[in-house]
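J.: Using our numbering, you'd call the opening residue of the sequence shown number 770 and step up by one each time.
By construction, the Cβ of each residue, glycine as well, lies at the ideal position given by its N, Cα and C atoms.
Because the structure is a prediction, the values reported are computed rather than measured.
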Amino acid sequence: MKSLLLYALILITLLSENKIVSVSVDISLSKKEPQELEDLCLRRPYHKTAEPWYFVPMFRAKLKEVGEKYSFPSRCFKKNIVSFKEMSKDKIVLSLENYNKTETWCSELFIFHTSNHNFMQFVAFQGTHEIVLKRITQDDKDEIKINGVKLYGFCTGLVNTIKSFFKTLKAFYGGLGIDPNAKNPKFRPTIPKEMERANLRMLELFNHYTPERRKNNTIVNIDKSMIKSGDFLLISRFDGIDQLIMIGAGGRSGHSAVCTWMDGELYVIESQSGWYWPRSGIQKNKWEDWIQWAYNADFNVILLPLKEEYRQKFDVDKANEWFSNEIEGLNYGYHNFIFTWIDTPANNFPFFTTSEITEFLFSLVSKVYPKGSDLFITDALNIRLGKTGLTFQQAIAEIARQGKSLEELLAEPEPEGIEYVDGLNYVCSCFAVAFWKHGGLFGDLDFSPNEFGPKDIYHLDIFDKNFQRPQECIDDNPDLPYCQIMGKFIIELDNYSTIKPYAHMNERCSSEGPEFIREEGC
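1. According to DSSP, which residues form a beta bridge with A1026?
2. Measure the alpha-carbon distance for D1245 versus A893 and round it to whole angstroms.
3. Anyone know if the C-beta pair for Y1271 and G1290 falls short of 9 angstroms?
4. Between which two residues does the beta strand (DSSP E) harbouring K870 extend?
5. So, at 6 angstroms on beta carbons, what are the nonlocal neighbours of H1207 in its own chain, with the 5 sequence-adjacent residues on each side left out?
6. Please report the distance separating the alpha-carbon of Y1189 from that of L1130.
7. To the nearest angstrom, how far is it from the Cα of L1003 to the Cα of C1028?
8. Figure out for me which residue from G1282, T897 and L832 has the closest Cα to the Cα of A1115.
9. Since I960 sits in a beta bridge, which residues does DSSP pair it with?
10. Contact between the region 1232-1247 and the region 1044-1056: three or more CB pairs below 8 angstroms?
11. Going by CA-CA distance only, name the one from I850, E834 and E877 that's closest to S857.
12. For a quick check, are the C-beta atoms of D908 and Q1163 less than 9 angstroms apart?
13. Name, in chain order, the residues that DSSP records as bridge partners for A830.
14. What residues match up with R982 in a beta bridge as DSSP calls it?
15. Could you tell me whether the Cβ atoms of E912 and N885 are closer together than 9 angstroms?
16. Run through the DSSP bridge pairs and tell me what N849 is partnered with.
17. I need the DSSP call for N888, collapsed to helix, strand or coil.
18. Between C1242 and V1070, how many whole angstroms is the CB-CB distance? I'm expecting something under 8 angstroms.
19. Would you check if the distance between the CB atom of T1008 and the CB atom of A940 is smaller than 9 angstroms?
20. Helix or strand or just coil, what does DSSP make of V790?
21. Who are the Cβ neighbours of K838 in its own chain at under 8 angstroms, not counting the five residues just before and after it?
22. Less than 9 angstroms between the C-beta atoms of M890 and N869, yes or no?
23. Starting from the N-terminal side, write out each stretch of the alpha helix (DSSP H) that is 4 residues or longer and does not extend beyond the region 1050-1083.
24. If you draw a straight line from the C-alpha of M1274 to the C-alpha of K903, how long is it?
25. Within 10 Å of its beta-carbon, does S710 have 16 or more other beta-carbons around it, so buried, or fewer, so exposed?
26. Does the distance from the CB of P1218 to the CB of E1181 come in under 9 angstroms?
27. Between which two residues does the alpha helix (DSSP H) holding E1323 run?
28. With DSSP collapsed to three states, give me the class of N1141.
29. Give the DSSP bridge partners of F881, in chain order.
30. Going by the CB atoms, is the gap between P821 and F923 shorter than 9 angstroms?
31. Please return the same chain residues whose Cβ sits closer than 7 angstroms to the Cβ of L1262, not counting the five positions on each side in sequence.
32. Measuring straight from C-alpha to C-alpha, what distance separates I991 and P1239?
33. Suppose only complete runs of 4+ residues qualify. What are the alpha helix (DSSP H) ranges in the region 1169-1219, listed by chain order?
34. Could you check what DSSP says for T930 in three-state terms: helix, strand or coil?
35. Name the DSSP beta bridge partners of I900, please?
36. Does the distance from the C-beta atom of N1151 to that of L1144 stay below 9 angstroms?
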C-alpha cells in the first residue's frame, strides 16, 4: 500500500506544478525511423509496448547556459529543437520546437526539470512552445551552471505509459495470503501468482534470465549440526525489491544472511527490514525460527559453506563479539543501500533508464516523502558534502557549487564506519561481509564491506564448491553444487565462487544488463 500511495503522490506532485499546452496545427506527416528512436529509448520495443518500467521517462537534453540548443528525434516528431533563451533575476525562458510529425494522432509529453522545478509540456501539433520557469533562486542558478535544465520525454503513448505503470506496480504490491498448514488458519506473507508473474517478466526483460521452478515448494530438512559458523545464506523473494536489486546490479538474489553458533545454539544473523518479517534491524534468530519465518515469507534459500582454508582463518568468537557488542539491534542499512550498487557515474543502471533519471526521481520523492529521501540519499549527500541539515534540493545546489555532479558523488566508494543520523548502517550484504571481515576471514586486505551487493558476495572465491551435500539436498536437486533449502524456484548462480578477494574490490565496477560484464580488478 505504501508503494501505491508513493507512486500516486509522485504523479500528483508532478502534475500539480505544471500547465499543459498544445499549439498550432501540423500539416506535414512523415514516416518515423524506428531504429534511431529505439536507440534513443535504450533498446525498448519502441512506442507499441507496455512493459514493466517502460513508463519511466528518458533523458533527452541538458541546457546549461543562454544560447545553448539541442536537436533530437522523439516518438511523434522526427525533429525537436530545445533552446535556452533567457535567464533573468527570477525566471528562465526556454523554447521547444517540434517538426515533421510521425503519425497523425500522435501526441507526447515532455518534462523540463531542475531539482526545484518540473514543467510539463504536452504537444499534439508541430510548432514552437515557450517554457517559463518562475521563482528561480540562486540555488537554482548554481545548479543549472553545472547540471543544466534537463529535458525528459516518454517512449510510449499515454495509454501504454499508464499500463506500464500498473504492470510495474504488480511486482511490488501484494504478498498477503492464508497459511493452509496452520492449525488455526492465519495470514502469512505469501507471494500471489500475479505478483510472481510480474517479477518473472522483469527478470526476463532486463536480465534475460528466467529461473526454473522446483518440483515442490518444501523445506529440505538438513541436520543443523553440519552448518558451521560463517556459512552463508543467499536469499531471493519475488517481491519486486529483490528483482530491482537483480536488474540493477545483476545477480540471482536480493538478500543475504550468515549462520553462526553462539553458546551451543545455531543462529541466523542478518540485517533485515521486510514488512513480512517479525523483527526489524540487525538481529539474530534461532535456526528453527528463521527457517519457519523464511518459508512463510516465500523465500528461496541456498546454503553456501565456506572453504576450509577460509574457515580456518575465521575467528568465530571475535566476529560474534563484534556482532553482540557493537551492532546487534542497529537499524537496517537504508543509508548505504544505493552505494553498494552505484560504483560509476553512468554504468550501473538497467537499460530502461540512465543515470540522469536518478536526480529527477529523488527530487520528486523528496517532495512527497521527505523522510524516505533523507533515509536513502539526502543524509548521505550531507556527509559526502561535509554539511548538515541540507534538503535534497539544497544538497544538489551545493554539489554544483563544489563543481561536482550527483552521479559522481554517488559513485564515491562507501567506507565502513560512517556515522549516519541513526548510527552505523549495514544493508544485508554489507553486514555479511563485515561480519566475516571483523572475524579476520580476509586477513589484512583493505576493502570496504559497504561496497558489496549480494552478487559480489557469491562471486567471492571463498565457498566450498566440492561441498559434500547431505542426501536430502541431493534428492531435492542432484545438479546443484550447493544445497537449496527451500523455495519455489531453483537458484542457479552465475560465476559462483570465482573471484579471489583483493584490496579495494568492488569500488569501480560497472553493472550494465543484460550481460552485467564485470571489469577485472574493478
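T.: Looking at the coordinates:
1. In DSSP, A1026 forms a bridge with L1002.
2. 58 angstroms
3. yes
4. K860 to K870
5. Around H1207: A1088 and W1091.
6. 23 angstroms
7. One Cα belongs to L1003, the other to C1028, and the distance between them is close to 11 angstroms.
8. Comparing Cα positions, the closest option is G1282.
9. Paired residue(s): none; I960 is not in a bridge.
10. no
11. Relative to S857, the option among I850, E834 and E877 whose CA is nearest is E834.
12. yes
13. Its beta-bridge partners are L920.
14. According to DSSP, residue pairing for R982 in a beta bridge involves F1258.
15. Taking 9 angstroms as the Cβ cut-off, E912 and N885 qualify as a contacting pair.
16. F841 and N867
17. For clarity, residue 888 is Phe in the given sequence; the question names Asn instead. DSSP, reduced to helix, strand and coil, places F888 within a strand of the structure shown.
18. Contact flag wrong, Cβ pair sits at about 12 angstroms.
19. For the record, residue 1008 in the displayed sequence is Asp; it is not Thr. Yes, these two residues count as a Cβ contact at 9 angstroms.
20. Its pLDDT being 36, under 50, V790 is placed unreliably in this model, and the value from its coordinates should be taken loosely. In this structure, V790 counts as coil in the three-state DSSP scheme.
21. If the five residues before and after K838 are omitted, its C-beta is found closer than 8 angstroms to the C-beta atoms of L832, I850, V851, S852 and F853, all from its own chain and listed in chain order.
22. What sits at residue 890 in the sequence shown is Gln, not Met. Cβ distance not < 9 angstroms, so Q890 and N869 don't count as in contact.
23. Taken in chain order, the unbroken stretches of alpha helix (DSSP H) that lie wholly in the region 1050-1083 and span 4 residues or more are 1056-1065 and 1077-1082.
24. 46 angstroms
25. No answer is possible for residue 710: the residues shown for the chain start at 770 and end at 1291.
26. In this structure, E1181 does not lie closer than 9 angstroms to P1218 by Cβ.
27. In the structure as shown, the chain begins at 770 and stops at 1291. Residue 1323 is therefore absent and cannot be evaluated.
28. Here the sequence assigns Gly to residue 1141, which means Asn is not the residue at that position. Here G1141 sits in helix by DSSP.
29. F888 and L920
30. no
31. Taken in chain order, the residues that qualify are R1021 and Y1227.
32. Computed Cα separation, rounded: 7 angstroms.
33. Restricted to the region 1169-1219, the alpha helix (DSSP H) segments that are unbroken, complete and at least 4 residues in length are 1175-1180 and 1197-1207, listed in chain order.
34. helix
35. Answer by DSSP bridge pairing, in chain order: L863.
36. no
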